[in-house]
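Colleague: First residue of the sequence shown: 120, per the working numbering; consecutive thereafter.
Beta carbons are placed, not taken as given, at the ideal position from N, Cα and C, and that holds for glycine.
Got a structure here, written out as structure tokens. Questions coming.
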Amino acid sequence: MAVTDMGRGVADAPPKVALLNNPRVRGAIYQVLLAVVLVYLVYAGIGNMLGNMERAGISTGFGFLDNTAGFAISQSLIDYDQGVSTYGRVFVVGLLNTLIVAVIGIFFATIIGFLVGVARLSNNWIVNRLATAYVEFFRNIPLLLHIFIWYFGVLRLLPQARDSFDFGFLGLLNNRGYFAPKPIWGEGAMLILYALIAAIAIAWGISRWAHKRQMETGQIFPAFWTGLGLIIGLPLLAFLVMGAPLSWDIPVAGGFRPSGGMTVIPEFLALLVALTTYTAAFIAEIVRAGILGVSKGQSEAAHALGLRQGQNLRLVIIPQALRIIIPPLTSQYLNLTKNSSLAVAIAYPDLVSVFQGTTLNQTGLAPQIVAITMLTYLTISLLTSAFMNWYNNRVALVER
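Here it is in structure tokens:
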């Protein structure tokens, strides 16, 4: 104790701690040093890359995107002319081809995965065994082999064009692809699209209102069937009012290839079926685990209230299981999108095939093209994750 002039004792001041022994200061120093090292490595790497490109006579800009591509693409959702279209156009065509197979694949993989996952828990022995066999077969064979099986083992073995399978109005199927009827819209068709958008918006509003009403009063409103009726009925009404502005271009069989209609190339079909069936097997296990993660007491309480098995699953089990299902489901959506790059193995014109493949071979600008491709897949993945995280927060359980 130190003694003051007034004769009272006061506590000694705490000993000073060395600056480097302070955890916060030491942590801040480490972070600054790490940031400096990372900045140096990035700077040195970029400088080394630019130096090597200059010595090799490789351009460092992105002006090549305005140059004429000069090669054909077997599938394009937008207008593409190999004699006029640029490499920038090639990028857009490849991106759209990647997105369409990813979006359709996610849609069907989710449906099949949920059905198989629920079937895995069925009390029916045959249904249960069939679902188990599906999961074990598809998830234990490499995806690339799945693609080869569907492309070389199924679609390439279909009949030649002159012997096509004829499904009448539904089109033709041969080893050159599926030739489907092509819709030709007439004047006033845009009103049908506007009616569909309006119906979807109204159905969404009704769903929100019905959910709020049920939470407050317990009364159930048939929001699903009402919304479905709107989505079908309102565009149909607009279609009839505008005088049915729709005709069909039906494909006709020929010696070399069918004429008319629209073509779905076999590469797209093989890739889509392989991605869908493969990813659905993993989604099925995620769904099964999510359902098993819900307490059995929830089902017992639902049955005690008189809910049937289907109502119990739809209204009680699945809503609670979603909080378990969605995080790993997001990973499967990302995997499906990235796995679509395996399309290069069967020459499907996706982003990797036509842009990082053909375009890179013609221009030799590997750094720019690889960087653009990487950033594109990164952006798609981040947007998918952001949407799924938003949806996960929407369905999360909220304590009252």
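Residue 490 lies in the beta strand (DSSP E); which residues open and close that run?
Modeller: Within the sequence shown, numbered from 1, the residue matching residue 490 stands at position 371. Element bounds for residue 490: not the beta strand (DSSP E) but the alpha helix (DSSP H), 485–514.
Colleague: Flag this pair as yes or no: are the beta carbons of residue 384 and residue 201 separated by less than 8 Å?
Modeller: Locating residue 384 in the sequence shown gives position 265, where the first residue counts as 1. Locating residue 201 in the sequence shown gives position 82, where the first residue counts as 1. It is not a contact, given that the beta carbons lie outside the stated cut-off.
Colleague: Count the other C-beta atoms from every protein chain shown that fall within 10 angstroms of the C-beta of residue 289, then say buried if there are 16 or more, exposed otherwise.
Modeller: Taking the first residue of the sequence shown as 1, we reach residue 289 at position 170. Counting Cβ neighbours within 10 Å, residue 289 comes out exposed, since fewer than 16 surround it.
Colleague: Just to confirm my understanding: we take residue 211, look at its own chain, exclude 5 residues before and 5 after, and list those with CB closer than 8 Å. What are they?
Modeller: As a working mapping, residue 211 is identified with position 92 in the sequence shown. Excluding sequence neighbours, residue 211 sits near 197.
Colleague: Alpha carbon to alpha carbon, what distance is there between residue 424 and residue 365?
Modeller: As a first step, residue 365 is located in the sequence shown; it is residue number 246 there, counting from the start. As a first step, residue 424 is located in the sequence shown; it is residue number 305 there, counting from the start. The alpha-carbon atoms of residue 365 and residue 424 are separated by roughly 50 Å.
Colleague: Relative to the C-alpha of residue 389, which residue among 467, 346, 168 and 319 is closest?
Modeller: Here residue 389 is taken as the residue at index 270 of the sequence shown, counted from 1. Among 467, 346, 168 and 319, the Cα nearest to that of residue 389 belongs to 467.
Colleague: Can you tell which of 305, 465, 143 and 464 has the C-alpha that lies nearest to the C-alpha of residue 367?
Modeller: As a first step, residue 367 is located in the sequence shown; it is residue number 248 there, counting from the start. Answer by Cα proximity: 305.
Colleague: The alpha helix (DSSP H) that contains residue 447, what's its start and end?
Modeller: The count along the sequence shown starts at 1 and reaches residue 447 at position 328. That run of the alpha helix (DSSP H) goes 437–458.
Colleague: Taking a contact to mean a Cβ-Cβ separation below 8 Å, would you say residue 417 touches residue 436 in this structure?
Modeller: Along the sequence shown, one-based indexing puts residue 417 at 298. Along the sequence shown, one-based indexing puts residue 436 at 317. A contact, by the Cβ cut-off of 8 Å.
Colleague: Look at residue 281 and residue 374 and say whether their C-beta atoms are less than 8 Å apart.
Modeller: Position 162 of the sequence shown, counted from the first residue, corresponds to residue 281. Position 255 of the sequence shown, counted from the first residue, corresponds to residue 374. Yes, the Cβ-Cβ distance between residue 281 and residue 374 is below 8 Å.
Colleague: When DSSP labels each residue in this structure, what does residue 355 get in the three-state scheme?
Modeller: The residue labelled residue 355 in the question sits at position 236 within the sequence shown. In the structure shown, residue 355 sits in a helix (DSSP, three-state: H, G or I).
Colleague: Given residue 126, which residues of its chain have a CB within under 6 Å of its CB, disregarding the five upstream and five downstream residues?
Modeller: Locating residue 126 in the sequence shown gives position 7, counting from the first residue. Since pLDDT at residue 126 reaches only 49, below the 50 mark, its modelled position is unreliable, and no value is offered.
Colleague: Can the beta-carbon of residue 299 be found less than 8 Å from the beta-carbon of residue 381?
Modeller: Along the sequence shown, read from residue 1 onward, the residue named residue 299 stands at position 180. Along the sequence shown, read from residue 1 onward, the residue named residue 381 stands at position 262. Closer than 8 Å, so yes.
Colleague: Looking at the structure shown, is residue 326 part of a helix, part of a strand, or coil, going by DSSP?
Modeller: Stepping through the sequence shown from its first residue, residue 326 is reached at position 207. The answer is helix: DSSP assigns residue 326 an H, G or I state.
Colleague: With DSSP run on the structure shown, which of helix, strand or coil describes residue 519?
Modeller: Within the sequence shown, residue 519 is the residue found at index 400, counting from 1. Note that residue 519 scores 48 on pLDDT, short of 50, meaning its location in the model is unreliable; the coordinates nonetheless yield the value given after this. DSSP places residue 519 in coil when its eight states are reduced to three.
Colleague: If we count the other Cβ atoms within 10 Å of its Cβ and call it buried at 16 or more, is residue 469 buried or exposed?
Modeller: The count along the sequence shown starts at 1 and reaches residue 469 at position 350. Buried, because 16 or more other Cβ atoms sit within 10 Å of the Cβ of residue 469.
Colleague: Between residue 219 and residue 321, what straight-line distance do the alpha-carbon atoms span, to the nearest angstrom?
Modeller: Locating residue 219 in the sequence shown gives position 100, counting from the first residue. Locating residue 321 in the sequence shown gives position 202, counting from the first residue. Those two C-alpha atoms are separated by around 27 Å.
Colleague: Between which two residues does the beta strand (DSSP E) containing residue 293 stretch?
Modeller: Position 174 of the sequence shown, counted from the start, is the residue given in the question as residue 293. Run containing residue 293: 291–293, per the beta strand (DSSP E) assignment.
Colleague: Would you check whether the ligand ZN has a heavy atom nearer than 7 Å to the C-beta of residue 157?
Modeller: Within the structure as shown, the ligand ZN is missing, as the structure has no ligands at all.
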